[in-house]
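Reviewing the structure listed below.
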Amino acid sequence: MTDLAEQSMLLVVALISNLVSAMAGGGAGLLQLPALIFLGLPFSMALATHKIATVALGAGATLKHAQQRNTHLAFALLMLTAGIPGVIIGANVILSIPEHIAKASLGMLTIALGVYSYFKKQLGKTQNTKNRTLGGYIGGAFGLFILGFFNGSLTSGTGLFVTMWLVTWFGFDYKRATAYTMILVGLFWNGTGALTLALLTTVKWEWLPMLLLGSLIGGYSGAHIAVKYGNPLIKRVFEVVTILVGLSLIISTLP
Numbered sequence: 119m120t121d122l123a124e125q126s127m128l129l130v131v132a133l134i135s136n137l138v139s140a141m142a143g144g145g146a147g148l149l150q151l152p153a154l155i156f157l158g159l160p161f162s163m164a165l166a167t168h169k170i171a172t173v174a175l176g177a178g179a180t181l182k183h184a185q186q187r188n189t190h191l192a193f194a195l196l197m198l199t200a201g202i203p204g205v206i207i208g209a210n211v212i213l214s215i216p217e218h219i220a221k222a223s224l225g226m227l228t229i230a231l232g233v234y235s236y237f238k239k240q241l242g243k244t245q246n247t248k249n250r251t252l253g254g255y256i257g258g259a260f261g262l263f264i265l266g267f268f269n270g271s272l273t274s275g276t277g278l279f280v281t282m283w284l285v286t287w288f289g290f291d292y293k294r295a296t297a298y299t300m301i302l303v304g305l306f307w308n309g310t311g312a313l314t315l316a317l318l319t320t321v322k323w324e325w326l327p328m329l330l331l332g333s334l335i336g337g338y339s340g341a342h343i344a345v346k347y348g349n350p351l352i353k354r355v356f357e358v359v360t361i362l363v364g365l366s367l368i369i370s371t372l373p
């Protein structure tokens, strides 16, 4: 494959995967990570390169969501404080343990998320705030810490879990939950994981410009579509992406 064809493929894959991810609230690794492995990178290098590229997804989505003011600083700080320690621990663990059992389990759970959302017709369509007591925040923070660990240690789908956690535990609608996920997970959690992995393993730096460009444009465009069309579209995209991500994770563990 020529350098031009290779770079063009990287741009297209990054653009499509991050466009859909910004709409669904996660799942960029569904296409991007397998594509990097298909193009010849070993898993650890592909994971580190992918993580760095997804930071641009968060940046692109942040540019759009910040204009809508769908997030609040206090809750954003809760997500950072609870999630980032989990991300650092998870990123340190992933390179030293077998991944097939964890990926298969995550795949089944991710499919269950999509199925659950599909049958709960009103889930996430309207804002219904709950668990805003001290105990509720502590429970929510613990859940975010666990999800941060999986975000740092596993390859794709964890942003979808964060979106669903914000919808079910805190009562956000899909639009607000997706905004928090794209900004806090996409930009800060993934940034922390990317930095940690970059210190631990090799990165394919020459592939990053196209991946970052595609992620930035895809993230902004996906967030724009999500803001414009609202909760019904985000909910449906979330359900489709969760099922596809779950199947992808399970298939990736097969011999």
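The sequence shown maps to residues 119 to 373 in my numbering.
By construction, the Cβ of each residue, glycine as well, lies at the ideal position given by its N, Cα and C atoms.
These numbers were taken from a predicted model, which means no experiment stands behind them.
Asked                                                                                                                                                   : Found
Measure the alpha-carbon distance for ALA179 versus THR167 and round it to whole angstroms.                                                             : 19 Å
Grouping DSSP H, G and I as helix and E and B as strand, with all else coil, what is VAL303?                                                            : helix
What distance in whole Å lies between the Cβ atoms of VAL355 and ALA174, which are believed to be in contact at a cut-off of 8 Å?                       : About 20 Å separates the two Cβ atoms, so there is no contact after all.
To the nearest angstrom, report how far apart ILE352 and ALA194 are at their CA atoms.                                                                  : 21 Å
Taking the alpha helix (DSSP H) that PRO152 belongs to, which residues open and close that run?                                                         : 150-156
Please report the straight-line C-alpha distance between PRO350 and GLY242, rounded to a whole angstrom.                                                : 9 Å
If you measure between the beta carbons of LEU231 and MET197, is that distance less than 8 Å?                                                           : no
What residues in its chain sit with their C-beta under 6 Å from that of GLY254, if we drop five residues either side in the sequence?                   : none
Go ahead and pull the three-state DSSP assignment for PRO373.                                                                                           : coil
Spatial neighbours of THR314 within its chain, please: C-beta separation below 6 Å, excluding the five flanking residues on both sides.                 : ILE206, ALA209
Between the C-alpha atoms of LYS239 and ILE369, what's the straight-line distance to the nearest angstrom?                                              : 28 Å
Go through the segment 327-359 residue by residue and report every complete run of the alpha helix (DSSP H) that reaches 4 residues or more, in order.  : none
Cα-Cα, which of HIS183, LEU365, VAL358, GLY364 is closest to PHE237?                                                                                    : VAL358
Can you list the alpha helix (DSSP H) stretches of 4 or more residues lying completely in the segment 171-229, in chain order?                          : 191-212
Using the Cα positions of THR335 and GLY144, report the straight-line distance between them to the nearest angstrom.                                    : The amino acid occupying residue 335 in the given sequence is Ile; Thr does not appear at that position. Each residue's Cα considered, the two are about 16 Å apart.
Near ALA184, which residues of its chain fall below 8 Å by C-beta distance, leaving aside the five closest residues on each side in sequence?           : ILE301
Determine the extent of the alpha helix (DSSP H) in which ALA316 is found, giving its start and end residues.                                           : 308-318
Taking the alpha carbon of TYR338 as the reference point, which residue from PRO160, TRP307, GLY176 has its own alpha carbon closest?                   : GLY176
Thinking C-beta only, is GLY332 closer than 8 Å to LEU129?                                                                                              : yes
According to DSSP, is VAL285 part of a helix, a strand, or is it coil?                                                                                  : helix
Less than 8 Å between the C-beta atoms of ILE170 and LEU149, yes or no?                                                                                 : no
Using 10 angstroms around the beta-carbon of PHE156, count the other beta-carbons present and answer buried if the total reaches 16, otherwise exposed. : exposed
With C-beta atoms as the reference, is LEU262 less than 8 Å away from ALA200?                                                                           : yes
Since GLU124 is in the alpha helix (DSSP H), which residue starts that stretch and which ends it?                                                       : 121-142
Smallest Cα separation from ASN246: which of HIS190, LEU181, THR286?                                                                                    : THR286
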